Structures are given as structure tokens and as C-alpha cells.
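Participant: Listed in order, the protein sequences are those of chains Y and U. One point on numbering: in the working numbering, the residue at position 114 of the first sequence is 114, and numbering is uninterrupted. One point on numbering: in the working numbering, the residue at position 332 of the second sequence is 332, and numbering is uninterrupted. Positions of the beta carbon are idealized from the N, C-alpha and C atoms, including for glycine. All figures in this text were calculated on a predicted structure; none of them were measured in a lab. Structure provided below as C-alpha cells; questions to follow.
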Amino acid sequence: MVAGWFTGEGEGFRLLGTRCAACASVFFPREDAFCRNPACPGGELREVALSRRGRVWSYTDGRYRAPSPYVSDPELPWEPYALIAVELAEERLVVLGQAVPGVTCADLAVGMEVEVVPGVLNEDAETAWTTWQWRPTGAGT
Amino acid sequence: MTGEVAVLGAGMHPWGKWGRSFVEYGTVAARAALADAGLDWRDVGSIVGADTVRGGYPGYVAGATFAKALGWQGARVTSVYAACASGAQAVGTARAQILAGLADVVLVVGADSAPKGFFRPAGGDRADDPDWLRFRVLGATNPTYFGLYARRRMAVHGDTREDFARVKVKNSAMGALNPHARYRKRVTAEEVAASAVVADPLRLLDICATSDGGAALVLSSMEFARRHGVAEPVRIRAVSTVTPRYPNTVLDLPDIATDSAVAVAPPDETFRASIARAAYEEAGVGPEDLSLAEVYDLSTALELQWYEDLGLCGEGEAAKLLRDGATAPGGRIPVNSSGGLASFGEAVPAQAIAQVCELVRQLRGEAGERQVAGARVALSANQGLFGHGSAVIAVR
Numbered sequence: 001m002v003a004g005w006f007t008g009e010g011e012g013f014r015l016l017g018t019r020c021a022a023c024a025s026v027f028f029p030r031e032d033a034f035c036r037n038p039a040c041p042g043g044e045l046r047e048v049a050l051s052r053r054g055r056v057w058s059y060t061d062g063r064y065r066a067p068s069p070y071v072s073d074p075e076l077p078w079e080p081y082a083l084i085a086v087e088l089a090e091e092r093l094v095v096l097g098q099a100v101p102g103v104t105c106a107d108l109a110v111g112m113e114v115e116v117v118p119g120v121l122n123e124d125a126e127t128a129w130t131t132w133q134w135r136p137t138g139a140g141t
Numbered sequence: 001m002t003g004e005v006a007v008l009g010a011g012m013h014p015w016g017k018w019g020r021s022f023v024e025y026g027t028v029a030a031r032a033a034l035a036d037a038g039l040d041w042r043d044v045g046s047i048v049g050a051d052t053v054r055g056g057y058p059g060y061v062a063g064a065t066f067a068k069a070l071g072w073q074g075a076r077v078t079s080v081y082a083a084c085a086s087g088a089q090a091v092g093t094a095r096a097q098i099l100a101g102l103a104d105v106v107l108v109v110g111a112d113s114a115p116k117g118f119f120r121p122a123g124g125d126r127a128d129d130p131d132w133l134r135f136r137v138l139g140a141t142n143p144t145y146f147g148l149y150a151r152r153r154m155a156v157h158g159d160t161r162e163d164f165a166r167v168k169v170k171n172s173a174m175g176a177l178n179p180h181a182r183y184r185k186r187v188t189a190e191e192v193a194a195s196a197v198v199a200d201p202l203r204l205l206d207i208c209a210t211s212d213g214g215a216a217l218v219l220s221s222m223e224f225a226r227r228h229g230v231a232e233p234v235r236i237r238a239v240s241t242v243t244p245r246y247p248n249t250v251l252d253l254p255d256i257a258t259d260s261a262v263a264v265a266p267p268d269e270t271f272r273a274s275i276a277r278a279a280y281e282e283a284g285v286g287p288e289d290l291s292l293a294e295v296y297d298l299s300t301a302l303e304l305q306w307y308e309d310l311g312l313c314g315e316g317e318a319a320k321l322l323r324d325g326a327t328a329p330g331g332r333i334p335v336n337s338s339g340g341l342a343s344f345g346e347a348v349p350a351q352a353i354a355q356v357c358e359l360v361r362q363l364r365g366e367a368g369e370r371q372v373a374g375a376r377v378a379l380s381a382n383q384g385l386f387g388h389g390s391a392v393i394a395v396r
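This is the structure:
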């Protein structure tokens, strides 16, 4: 679905972006065509693994069923999940992602440390679509 | 000022869920604006339609669709799409045509038939579309972004859910006085608190609904207005339609991530603040000159953000400005005297035009019970998807 956005398993799981060889700007989701820095003459865009950990910029959830193209089973009750926007200090950007199952807004605070882990977005009989999720590390603000 | 254009007419179709075609809403609004201007449709030299992406093919070619409905008469035609800023870009296009001498009188129309529930992207698997991706990969609806902004304000500025509810209470009181608003009932803080959470910390009554509606303006050159016998029309003095500057470091609809600030320091002001500043510079006025403002209150919390982005108060001071009553009727700078999106809901291509309709009513002194006394300078501001944002400044 979104080829090349992440790689690895377990502790080795990482989000993948690209970095401009000329100006060092980092892009996520990956930018493979042109560097978007208007001051940059343009350089080769090389794949780069993003920081595993970051801090919560903000968070929320969705109490009503998200519409298509989000995939959910209309036969089952909607189960809200938290969404976390995470600030990556090294890359100086914010990445939005789902929280791991079981983590609710009540468990979160702005500034809290989280780490990226693999998760399942949805699955059918043949395929499980994997994604990235954010999980609190237990470190405070 | 040489850069000004006259507003000769303003008209709307009431907001609601009427279940009819956007063409009908736009045509009703257009006829109302022409009647308000005292002009015949055949006097119009150019029509600019603000596009909707719903309603099928005709929605993408709104200018000609409205022209056909009004009766083909050979006018110059333009259609513009800029998400929530479509209406303001239509106004900007009309103004540019007038100032360039391409047309004396331009009709601007925006209308929409909104879907039920959340806005969602068009069908098909489109992994190259950021709007499609945020739904498919994250299930991130528009209200989830509003929730992120609201929670961030709570953490950084100490805003409370009660502050957010106060915005709804204020705007619903104004909407109750507006015959074109969809919701015409005053809402209490208790009712906001009792409504269901949509995207924590925001509740149903913190978030604007989707609605049907239409709005239209008749703009002309100052010379035409004089010849038409309107010596002192409401004038549009600025239309800013700026893009963000790299790196845009505030997570923005519909993006999954921000730009990186690793190579270039972030600009001193946010995108929303730059929208207002560009309009102030063009008009030669500042926030202290405003009599009133119409802002895109997609959520109650977002209205507070606009106070700061428009320079009505310092960063983090919006909740205090609200609590002090400065943005309420009779206050120093009433905001959303129309009732705002809280009372109208979103009819995407119409809403930015409807904002200008309210500025016009207020500046003419025709707003009835909503009237802001002695209104002289008014600003409207909105923000659409994909780096679109606009502000309009009108003066009397």
C-alpha cells in the first residue's frame, strides 16, 4: 500500500524517509522526486531510517467510525484508537501515527516519550497490512 | 486606493441539509446577490465559480454550471478550486479581473451539497494522494486534526474544555439571530459538555457540521459603482491567498507529517498568521483597526487559534480575550458575528464567500440584531487543505 515507509521487525523496526544529499532536509513520507527546500539546488534523495523515539506533540482519538478508505468491519462495534503526533528531535519533524492497541488518550501527555513499533492496520483471509504505531516508553515529560 | 473593488451585492441560500443540487443553492444565492446589487444577470461581464469536488463532473466546472442555470449570456467564465479557500480565491480572481480591466462587473458564486458525516476523499486506491493516505493509513478524519490542535493548546497555553465551549455559546447566540444560519438555537455550556466526544478533547458541539448552502457576491470597478449610482460602496481592499513557507512545522490537514526544520530554520510566523499579515499589508491596516472578524471556526478551539494568528492578542492569550468578552457582541473586536461555522456548518466552496457576505452586511449597517456598531474595517480568514488559505479585508 505504501511501499518503503518502514522496515524491520521488533526492536529493529524503523520508519523510512529520505534525506537530500545537498541540503540534508529529511522527508517523511519519503520524497523521491525533488527536494522541497526552496533554497536547495536539489540533491540526490537517499533513504534514511528515522529516529526510533520521539516526544508527543499532541494526541487525540476518533470516537466515530472513520470512513472509507479506512478499513473497518461495519458488522463489529467501532473501537476508538488514539492518534499521536510525535516530534522527532533529530529530524526536527512531527509524524502522526496510531497508538498501539490499548493505549488511550488517558494514558498520554504532551511531551511524553514514545517509540515506534510495528502493528497491524487491518487484515483479511490472505493479507495482514502492517503499519507503524507509537508506544509510550514509560519516560515522562 | 487604486487597488479597491466595490461590492454591489451579496446574497445567500440558507444553510441546512436540504438534499438538493448545489446548482440550485448557487443560483438562488446568485439571484439574491444580483437583486441586492440592482443589476440584471445580463449586465454581468464575468462569472467566477468556486468549485466543489462532490456532485460529480459539473462540480468541477462550477462557473459554467451556474452560468447555464442563470441562462447563457456569453459572460467570461472561470472556475477555481482551493478546498475551503475556494470562495476566497474566487473573490480574488474576480478582483484581479476587474483591476486588470477585463470586466466591469463580476458575479462570484459558491455552493455545495455536503455528504452526511465526515468529509472523505473520492473513491479508488490512490496512494499518491495525501488526503487518501491519511484516511487509509491512519483513519485520520478532519476532526482528529482539530482534536490534535485543541489538545496542543491545552498543553501549551492552558486552554480548557470550558474555554472551547464558551466559543460555541458565543457563536450560537449570534447564529440564532441570523436567518441564513443552519442552527438557530442558543447553546449552553452544559449542552456542549453533555454532547458526545468526537475527537478528544473535542465534543460534537465543538466541531462544525457539514451542510448544504450557497453564497454569492457581485463585484465591480469603483468607476462602474459610481456610474451605477453607488457613491460609497463597501470596498474590498485586500485578498491574500498565500502559501506556507518551508519548513511548515505545524502539522496541517491532510498531511501525515510536517516538514523538517533540520536544514532551514522555521519561519518566525505560522502559515495561518502569514495569511492575515499578507492581507493587513495589502490593505494598509492592522489588527487594531478591525471592527469585526469572521474566522474559520472548524472547531471551537481553532477559533481561539485564529485570535492569535490575526494578531487580536498575543500568543497564548486567546482564551483570556474570549473570557474578557472582547470577541463577543459589544466587545472590542467581535468575532463570527454571523454565528460562524458553528452555526452554519461547512458548505466548502460557499463558506468563504458567505464570510464576505457577513462583512458586507455589517459594513453597510444592515446586520440587524447582529450589527456591530460603527463597523468600518472587517476581515475574514479561512484555511483549506493542501496549503490554501485566504483572508479578505473589506472597508466602508
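Is there contact between the region 190 to 205 of chain U and the region 140 to 158 of chain U, where contact requires at least three CB pairs shorter than 8 Å?
Facilitator: Taking 8 Å as the limit for Cβ pairs, the verdict is that the region 140 to 158 of chain U does touch the region 190 to 205 of chain U.
Participant: What residues in the region 248 to 271 of chain U have a beta carbon less than 7 Å from any beta carbon of chain Y?
Facilitator: The residues in question are Leu251, Ile256, Ala257, Thr258, Asp259, Ser260, Ala261, Val262, Ala263, Val264.
Participant: Are there 16 or more other CB atoms within 10 angstroms of the CB of Met1 of chain U, so buried, or fewer, so exposed?
Facilitator: Confidence at Met1 of chain U is low in this model, with a pLDDT of 47, below 50, so its placement is unreliable and the value that follows should be read with caution. With fewer than 16 Cβ atoms within 10 Å of its Cβ, Met1 of chain U is classed as exposed.
Participant: Between the beta-carbon of Pro115 of chain U and the beta-carbon of Thr210 of chain U, is there less than 8 Å?
Facilitator: In contact: Pro115 of chain U and Thr210 of chain U (Cβ atoms closer than 8 Å).
Participant: Tell me the residue span of the alpha helix (DSSP H) that contains Gln89 of chain U.
Facilitator: Its alpha helix (DSSP H) spans residues 86 to 99.
Participant: State whether the region 51 to 71 of chain Y contacts the region 23 to 32 of chain Y, with contact taken as three or more CB pairs (one from each stretch) at a distance under 8 Å.
Facilitator: As far as the Cβ criterion goes, the region 51 to 71 of chain Y does not touch the region 23 to 32 of chain Y, which means the pair count is below three.
Participant: So that I know if they touch, is there some Cβ in chain U lying closer than 8 Å to that of Phe27 of chain Y?
Facilitator: Judged by the 8 Å Cβ criterion, Phe27 of chain Y is in contact with chain U.
Participant: Exposed or buried, what is Ser68 of chain Y when buried is set at 16 or more other beta-carbons lying within 10 Å of its beta-carbon?
Facilitator: Classification for Ser68 of chain Y: exposed.
Participant: Against chain U, which members of the region 73 to 96 of chain Y pass a CB distance test of less than 7 Å?
Facilitator: Correct list: Leu83, Ala85, Glu91, Arg92, Leu93, Val94, Val95, Leu96.
Participant: May I ask you to verify whether the region 359 to 370 of chain U touches the region 330 to 342 of chain U, counting CB pairs closer than 8 Å and requiring at least 3?
Facilitator: Enough Cβ pairs lie closer than 8 Å, so yes.
Participant: Quick one: Cα of Gly229 of chain U to Cα of Leu99 of chain U, how far?
Facilitator: Looking at the two C-alpha atoms, the distance is approximately 20 Å.
Participant: Can we say the region 98 to 109 of chain Y touches the region 66 to 85 of chain Y, given the rule of at least three CB pairs closer than 8 Å?
Facilitator: A contact exists between the region 98 to 109 of chain Y and the region 66 to 85 of chain Y.
Participant: Which bits of chain Y does Phe118 of chain U rub up against, with CB to CB less than 8 Å?
Facilitator: Here the neighbours are Tyr64, Ala66, Pro67.
Participant: Put Glu358 of chain U into one of helix, strand or coil per three-state DSSP.
Facilitator: Helix at Glu358 of chain U.
Participant: Excluding the five sequence neighbours on either side, which residues of its own chain have a C-beta within less than 7 Å of the C-beta of Leu88 of chain Y, listed in chain order?
Facilitator: Contacts found: Leu50, Ser51, Gly54, Val95.
Participant: Just to confirm, are Gly286 of chain U and Tyr25 of chain U a CB contact at a threshold of 8 Å?
Facilitator: Not a contact, by the Cβ cut-off of 8 Å.
Participant: Taking the CB atoms as reference points, tell me whether Leu399 of chain U and Ala37 of chain U lie closer together than 8 Å.
Facilitator: This structure cannot settle anything about residue 399 of chain U, because the visible part of chain U is limited to 1 through 396.
Participant: Between Val198 of chain U and chain Y, is the shortest Cβ-Cβ distance under 8 Å, so that the two count as touching?
Facilitator: Yes, its Cβ sits closer than 8 Å to a Cβ of chain Y.
Participant: Taking a contact to mean a Cβ-Cβ separation below 8 Å, would you say Leu379 of chain U touches Leu310 of chain U in this structure?
Facilitator: Contact flag set, yes.
Participant: Which of the residues in the region 116 to 141 of chain U, read from start to end, lie with their CB under 9 Å from any CB of chain Y?
Facilitator: Flagged, chain order: Gly117, Phe118, Phe119, Arg120, Pro121, Gly123, Gly124, Asp125, Arg126, Ala127, Pro130, Trp132, Leu133, Arg134, Phe135, Arg136, Val137, Leu138, Gly139, Ala140, Thr141.
Participant: Closer than 8 Å is the cut-off here; do at least three beta carbon pairs connect the region 161 to 175 of chain U with the region 300 to 307 of chain U?
Facilitator: Output reads yes: the region 300 to 307 of chain U touches the region 161 to 175 of chain U.
Participant: How long is the line joining the alpha carbons of Ala293 of chain U and Lys185 of chain U, rounded to whole angstroms?
Facilitator: For Ala293 of chain U and Lys185 of chain U, the distance between alpha carbons rounds to 22 Å.
Participant: Can you pull the chain U residues whose beta carbon is under 7 Å from the beta carbon of Gln98 of chain Y, in chain order?
Facilitator: Ordered by position in chain U, the residues that pass the 7 Å Cβ test against Gln98 of chain Y are Leu138.
Participant: Mark Trp15 of chain U as exposed unless 16 or more other C-beta atoms lie within 10 angstroms of its C-beta, in which case mark it buried.
Facilitator: So Trp15 of chain U counts as buried.
Participant: Alpha carbon to alpha carbon, what distance is there between Ala273 of chain U and Ser220 of chain U?
Facilitator: The alpha-carbon atoms of Ser220 of chain U and Ala273 of chain U are separated by roughly 29 Å.
Participant: Would you call the region 7 to 23 of chain Y and the region 54 to 66 of chain Y in contact, with 3 or more CB pairs under 8 Å?
Facilitator: Taking 8 Å as the limit for Cβ pairs, the verdict is that the region 54 to 66 of chain Y does not touch the region 7 to 23 of chain Y.
Participant: Nearest to Gly10 of chain Y by alpha carbon, out of Y:Gly43, Y:Gly138, Y:Pro118, Y:Glu126?
Facilitator: Residue Y:Pro118 is the option with its Cα nearest to Gly10 of chain Y.
Participant: I need the boundaries of the beta strand (DSSP E) containing Glu113 of chain Y, first residue and last residue.
Facilitator: Unbroken beta strand (DSSP E) run through Glu113 of chain Y: 113 to 123.
Participant: Quick one: grab the DSSP three-state call for His157 of chain U.
Facilitator: Here His157 of chain U sits in helix by DSSP.
Participant: Take Ala265 of chain U as the anchor and find which of Y:Pro29, Y:Glu126, Y:Asn37, Y:Ala109 has the nearest alpha-carbon.
Facilitator: That would be Y:Asn37, whose Cα lies nearest to the Cα of Ala265 of chain U.
Participant: Looking only at C-alpha atoms, which of Y:Thr137, Y:Pro74, Y:Leu121, Y:Ala39 sits nearest to Gly139 of chain U?
Facilitator: Residue Y:Leu121 is the option with its Cα nearest to Gly139 of chain U.
Participant: Would a check of beta-carbon distances place Leu379 of chain U closer than 8 Å to chain Y?
Facilitator: Chain Y contact via Cβ: absent.
Participant: Would you check if the distance between the CB atom of Ala6 of chain U and the CB atom of Pro233 of chain U is smaller than 8 Å?
Facilitator: Their beta carbons are under 8 Å apart, which means Ala6 of chain U touches Pro233 of chain U by this criterion.
Participant: Please check the pair Ala279 of chain U and Ala318 of chain U, which I expect to be a contact at CB under 8 Å, by giving their CB distance rounded to whole angstroms.
Facilitator: About 19 Å separates the two Cβ atoms, so there is no contact after all.
Participant: For Gly92 of chain U, which residues from the same chain have a beta carbon less than 6 Å from its beta carbon, with the 5 sequence-adjacent residues on both sides left out?
Facilitator: Taken in chain order, the residues that qualify are Val239, Thr241.
Participant: Along chain U, in chain order, which residues have C-beta atoms closer than 8 Å to that of Trp134 of chain Y?
Facilitator: Those do not exist, as Trp134 of chain Y stays about 11 Å from chain U at its closest Cβ, beyond 8 Å.
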